[in-house]
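> Residue 251 in our numbering sits at position 251 of the sequence shown, and the numbers go up by one each step.
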Amino acid sequence: MQSTFLAQQFVPLMFAGLFVFLLSGFPVAFALAATGLGFGFIGMEAGIFPASLFQALPLRVFGIMQNDTLLAIPFFTFMGIILERSGMAEDLLETVGQVFGPLRGGLAIAVILVGALLAATTGVVAAAVISMGLISLPIMLRYGYSRVIATGAITASGTLAQAIPPSLVLIVLADQLGRSVGDMYAGALLPGLMLVGVYLLFVVLVAIFKPALVPALPEEARIYREASGSSGHRSLLVLFIICAVVGYTWSQVHDGLMMQWLERPLPSARDEIVIMSMTLASITGLVLAIINRVTKMALLSRLAEQVTFVLMPPLILIFLVLGTIFLGIATPTEGGAMGAMGALILAGGKRRLSKSTLTQALENTATLATFVMFILIGSTVFSFTFNAADGHIWVEHLFTNMPGGGWGFLVVVNLLVFFLGMFIDFFEIAFIVVPLLAPVAEKILPGLVPGMTPDTAMIWFGVMIAMNLQTSFLTPPFGFALFYLRSVAAKSNYKDRITGETIKAVTTSEIYKGSIAFIGMLLIMLVTIIVFPKLVVGDLSTEKGLSKEAVMEMLESQMEMPAEEPSFGSEETPGFDPSGDGATPVVTPQDSSETEVDPMKAMQEALAKEADRGQK
């Protein structure tokens, strides 16, 4: 009787046991492994599992270490840490702040744009938030920015690393969902850029309707001036237009050139065209700036030169990394390795690559990689016992019977992830929750949108989860981005070294309030992705294959080709056993051809059925 009850309630008891371990303060990796092993032994003692349950577990653990997809995580982490340690964040904040500073809200715009650039290059939330908190927050407070908007812009833009490729969470989600990292990057690119646009629009609206909250940078704070007294913005605008023309021109000819050079049968994806166009535009700007400096032609202003030399190298690096991945030239792991090498070259070129910097980068990379590996091992042990108890079936029944069908499933899942993000890390959610939800999502989601395949549905689901996980850094009480900013923001009143005025301390409540508006924008963007899945899977949903006409033409040409002569010794006499004894009759080629299916007819029928299915 007791064993029957235990068997029926085994899965809920496993969740309860995991919850108790987590509340007791155990590290998540050990809590997962302890729950899996403990309940596995209980199940064996109760006769629910066979005694040989854990025999295959060592192979599963060793399989984790052979996972090529997750190798990209240490490479991209190392690239980001090297770029951050080389002072890239400081250079970007100073330069972009000078570009947009004369505008109302310009400093907040600069913070958001730099946050997006740091997301695409470093991908490390802590480094981005701390760097911008140390550099930008004192300047924004010095010139009268609203504390709520200043802290909110810093924390929200620092977490863009979750949504903009090459995001670490996208790599983990691609691995857990069993999908390509390149497709996950392609699906997340447009929503990530749209989120940046939403943040910028918010600041612009505040500058229009509440200009006192986001004042412009005063005249004396603008450090880049020409001999004539001009700011140099006109020269920067001309350079931007030239680069934009080059990028636009390439976007128009990219398809034709790629089909010619790479012999592609299909048009290029939208994301690939965007990345390659921006790469060439960035290279054009850098080349023009180098020519201007070497020849001393003085065609570019100091501001334009500074922006080019600070902005273009990291942009070119990340565009090349993403471009090679989108083009299919490199895998994400190879792209990450190339990015790590490029980061070393950039840091060395700036003479900011020291032994201590390299040591710290290697230590931090090893720490993060070990953290991910232990959580993955723990989740593997937990899921091993969980699946042995048919837990995946229990979860599937739980979600498939919910009201609202597939849309109800999406609502509940996003609410669950949003709630869990308030208390646990995004890695833990990705390794614990996502594997439980993935089979259900793969079964339910393709039917929600006409024409959506299981592969594109899972990419949509992954980008949706990644966007939701970004809120885990911003939601009180345990939003990590809030803690990062709290650690560097002024805890007591201080006298500003430039103005000499006393500036009040930044309170924790002000930091929490600052995140609320940006959490709301994140949720609006999440709803937009759910309602308009084409934003994620627009190009991915295009069928990758030859057209019907191309297939038929290829088959007809194959049928018209003469048959190859058989090789010596392979010819068989009809009705005679080639073994030599002649006792066993064999089926001749003529006899077997009578029962074979005509390949042309079978292909025509399959194509016709596929066309009918597409029309329906």
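By construction, the Cβ of each residue, glycine as well, lies at the ideal position given by its N, Cα and C atoms.
Which residue's Cα is closest to the Cα of GLU220: VAL307, ILE498 and VAL506?
Between GLU220 and the set VAL307, ILE498 and VAL506, the nearest pair of CA atoms involves ILE498.
> Verify the contact flag: PRO211, CB atom, against every heavy atom of the ligand ATP, threshold strictly below 7 Å.
In the structure on display, the ligand ATP does not appear, and there are no ligands present to speak of.
> Short check: CB of ALA163 to CB of PRO191, under 8 Å?
yes
> Return the CA-CA distance between MET88 and LYS443, expressed in angstroms with no decimal places.
45 Å
> Report the three-state DSSP secondary structure of THR618 (helix, strand or coil).
In the structure as shown, the chain begins at 1 and stops at 616. Residue 618 is therefore absent and cannot be evaluated.
> If the criterion is Cβ atoms closer than 8 Å, does the pair PRO435 and GLU396 meet it?
no
> Does the region 423-430 come within contact of the region 165-173, defined as at least 3 CB pairs closer than 8 Å?
yes
> Hey, how far is the Cα of ARG264 from the Cα of GLY256?
9 Å
> Please classify ARG104: is it buried, with 16 or more other beta-carbons within 10 angstroms of its beta-carbon, or exposed?
With 16 or more Cβ atoms within 10 Å of its Cβ, ARG104 is classed as buried.
> Could you give the DSSP three-state label for TYR143: helix, strand or coil?
coil
> Would you kindly work out how many angstroms separate the C-alpha atoms of PHE95 and SER492, rounded to a whole number?
A small fix is needed here, since residue 95 is Thr in this sequence, not Phe. C-alpha separation (whole angstroms): 29 Å.
> Rounded to whole angstroms, how far is the Cβ of PHE628 from the Cβ of ALA369, which I believe are closer than 8 Å?
Because the chain here runs from 1 to 616, residue 628 falls outside it and cannot be looked at.
> Can you give, in chain order, each stretch of the alpha helix (DSSP H) that sits fully within the region 60-93 and has at least 4 residues?
72-85
> Taking just the CA atoms, how far does LEU266 sit from LYS544?
For LYS544, the pLDDT reaches just 46, beneath the cut-off of 50, and the residue's location in the model is therefore unreliable, leaving the point undetermined.
> Which value, in whole angstroms, describes the spacing of the CA atoms of LEU23 and GLY378?
17 Å
> Whose C-alpha, out of MET458, LEU448, LEU195 and ILE290, is nearest the C-alpha of SER180?
Closest by alpha carbon: MET458.
> What's the gap between the Cα of THR528 and the Cα of ASN468?
12 Å
> Quick one: complete alpha helix (DSSP H) runs, 4+ long, within the region 220-286?
233-261
> For ALA46 and GLY40, I'd like the C-alpha separation in whole angstroms.
10 Å
> Do you know how far the Cα of MET14 is from the Cα of GLN8?
12 Å
> Buried or exposed: where does GLU363 fall if 16 or more other Cβ atoms within 10 Å of its Cβ makes it buried?
So GLU363 ends up on the exposed side.
> Shortest alpha-carbon distance to LEU482 belongs to which of LEU398, LEU288, GLY158 and LYS534?
GLY158
> Cutting at 6 Å between CB atoms, please list the residues of its own chain near GLY17, excluding the five before and the five after it.
THR35
> Can you give me the C-alpha to C-alpha distance between VAL245 and ALA56, rounded to a whole angstrom?
Whole-angstrom Cα-Cα distance: 58 Å.
> Roughly how many whole angstroms lie between the Cα atoms of LEU535 and ALA108?
27 Å
> What residue from ALA156, PHE532 and PRO102 has the CA that sits closest to ALA517's CA?
ALA156
> Taking C-beta to C-beta, are THR380 and VAL61 nearer than 8 Å?
yes
> Counting along the chain, where does the alpha helix (DSSP H) carrying LEU299 start and finish?
Counting along the chain, LEU299 falls outside any alpha helix (DSSP H), and DSSP gives it neither H nor E.
> Does the region 184-203 touch the region 78-86, meaning 3 or more C-beta pairs lie closer than 8 Å?
Taking a contact to require three or more Cβ pairs closer than 8 Å, the region 78-86 and the region 184-203 do not qualify as touching.
> Taking the alpha carbon of VAL129 as the point to measure from, which residue in VAL488, VAL417, THR502 and LEU376 has its own alpha carbon closest?
VAL488
> Classify LYS495 as helix, strand or coil using the three-state DSSP reduction.
Residue state, collapsed to three classes: strand.
> Going along the chain, which unbroken runs of the alpha helix (DSSP H) with 4 or more residues stay wholly within the region 163-204?
168-177
> May I ask which residues mark the beginning and end of the alpha helix (DSSP H) holding GLN55?
Per DSSP, GLN55 belongs to no alpha helix (DSSP H) and is neither H nor E.
> Leaving out the 5 sequence neighbours to the left and right, which residues in its chain are closer than 8 Å to LEU71 when beta-carbon positions are compared?
Excluding residues up to 5 positions away in sequence, THR333 and GLY336 lie with their Cβ nearer than 8 Å to the Cβ of LEU71 in the same chain.
> Can you tell me which of the three DSSP states SER354 falls into?
Here SER354 sits in coil by DSSP.
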